[in-house]
Amino acid sequence: MTVTTPWAQRVAAAAGAVTAAAMIATPLCRKGGRARQLLSTVVVTGSFTTTLANAVDRWGWQRAAVAAAATTVATTGVERIGSTTGVPFGRYHYTGTLRPTVGDVPVIVPLAWFALGLPAREVADSLTTTPLQRVAVGASALTAWDAFLDPQMVGEGYWRWPNGGTYRGIPVSNFVGWWATSAGLMALFDALLPPLSSGPSRPLVAEYSFMAVMETLGFAAFFRDRVVAAVGGAAMMPLAAAAVGRIVRG
Numbered sequence: 006m007t008v009t010t011p012w013a014q015r016v017a018a019a020a021g022a023v024t025a026a027a028m029i030a031t032p033l034c035r036k037g038g039r040a041r042q043l044l045s046t047v048v049v050t051g052s053f054t055t056t057l058a059n060a061v062d063r064w065g066w067q068r069a070a071v072a073a074a075a076t077t078v079a080t081t082g083v084e085r086i087g088s089t090t091g092v093p094f095g096r097y098h099y100t101g102t103l104r105p106t107v108g109d110v111p112v113i114v115p116l117a118w119f120a121l122g123l124p125a126r127e128v129a130d131s132l133t134t135t136p137l138q139r140v141a142v143g144a145s146a147l148t149a150w151d152a153f154l155d156p157q158m159v160g161e162g163y164w165r166w167p168n169g170g171t172y173r174g175i176p177v178s179n180f181v182g183w184w185a186t187s188a189g190l191m192a193l194f195d196a197l198l199p200p201l202s203s204g205p206s207r208p209l210v211a212e213y214s215f216m217a218v219m220e221t222l223g224f225a226a227f228f229r230d231r232v233v234a235a236v237g238g239a240a241m242m243p244l245a246a247a248a249v250g251r252i253v254r255g
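Residue numbers (my numbering): 6 to 255.
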């Protein structure tokens, strides 16, 4: 049964507005400057809050809180293992620019996994009919976002792969690792926040679609990286459009 929580809807709307404003302001600030670093934190925190509030509105605060906590703990562990062993993302390291950290992992990193992970699952729910399909498509939808995320974060100097890679200094192994981690995350969401018979969450699908549009426009017009705009846009936009279309058609 869907849970309707008016205060959570208001929080989601406010946090979404803050996220949008911070995304717009980011390319207007000096690269490498403190303001731009702060805005990165605001974008992720705002997006996390939006997703959490939308989850509370749909599944109730207890389920939403458990899912957010479990995701944060699990992905912090994966990122810690990844940055120390090179598995599953390839050998990379954080530069120490983003603070605070837990186990050398910037706090906003696991928040980001939840922030877009649940919207990706809802996109998958709108396009699939079986749990296995939902996990596979959800993992692909979340990995598609990383076609934007990692190039931006590497470009900002927040983390890097010392040996470089074929895509803006990022190795293919990173995206393989992202897909595998995302698949595990989709399974976790299915266990803790099971899809409802009423269909996917429109606000969460809207979050994913909004991010797809903003990232594509941002890289094309402001970060002036048409390669990333094309690759990321080609990865995210069809999934977002298909999900929105399916919801509109009912």
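Cβ coordinates follow ideal geometry from the N, Cα and C atoms, glycine included.
Check                                                                                                            : Outcome
For Gly143, the nearest candidate out of Gly37, Leu44 and Tyr213 (CA to CA)                                      : Tyr213
Closest Cα partner of Thr100 within the set Val159, Phe53, Asn59 and Glu84                                       : Val159
Under the three-state DSSP convention, the category Pro111 falls into                                            : strand
Beta-carbon spacing of Met191, Ala217 below 8 Å                                                                  : no
Option nearest Val47 by Cα separation, candidates Ala27, Asn59 and Gly37                                         : Ala27
CA-to-CA distance, Ala188 to Gly162, given in whole angstroms                                                    : 27 Å
Enclosing alpha helix (DSSP H) for Leu154 [first to last residue]                                                : Pro136 to Glu161
Inter-residue Cα distance where the pair is Met219 and Ile175                                                    : 22 Å
Nearest neighbour of Phe194, chosen from Asp130, Ala235, Trp150 and Phe228 [CA to CA]                            : Asp130
Contact under 8 Å by Cβ, Ala205 with Glu127                                                                      : The amino acid at residue 205 is misidentified as Ala; the sequence shows Pro. In contact: Pro205 and Glu127 (Cβ atoms closer than 8 Å).
Whole-angstrom distance between Thr106 and Thr54, CA atom to CA atom                                             : 19 Å
With 16 other Cβ atoms within 10 Å as the buried cut-off, status of Trp12                                        : exposed
Check whether Val92 and Ile86 have beta carbons under 8 Å apart                                                  : yes
Asn179 classed as buried or exposed, judged by whether at least 16 other C-beta atoms fall within 10 angstroms   : buried
Check whether Pro124 and Val210 have beta carbons under 8 Å apart                                                : yes
Burial state of Asn168, where buried means 16 or more other Cβ atoms lie within 10 Å                             : exposed
Met28 at chain C interface by Cβ criterion, 8 Å                                                                  : Looking for chain C here will not work: only one protein chain is present.
Within 8 Å, strictly: CB atoms of Asp230 and Trp183                                                              : no
Spatial neighbours of Ala30 in its chain, beta-carbon cut-off 7 Å, leaving aside the 5 residues before and after : Leu44
Alpha helix (DSSP H) segment containing Pro11, residue limits                                                    : Pro11 to Ala30
Where the alpha helix (DSSP H) through Thr56 begins and ends                                                     : Arg39 to Trp64
Closest residue to Lys36 among Phe227, Val253, Val232 and Val233 (Cα-Cα distance)                                : Phe227
Other residues of its chain near Val232: CB distance less than 8 Å, five sequence neighbours each side excluded  : Arg173
Straight-line Cα distance separating Ala146 from Val181                                                          : 13 Å
For Trp118, three-class secondary structure by DSSP                                                              : helix
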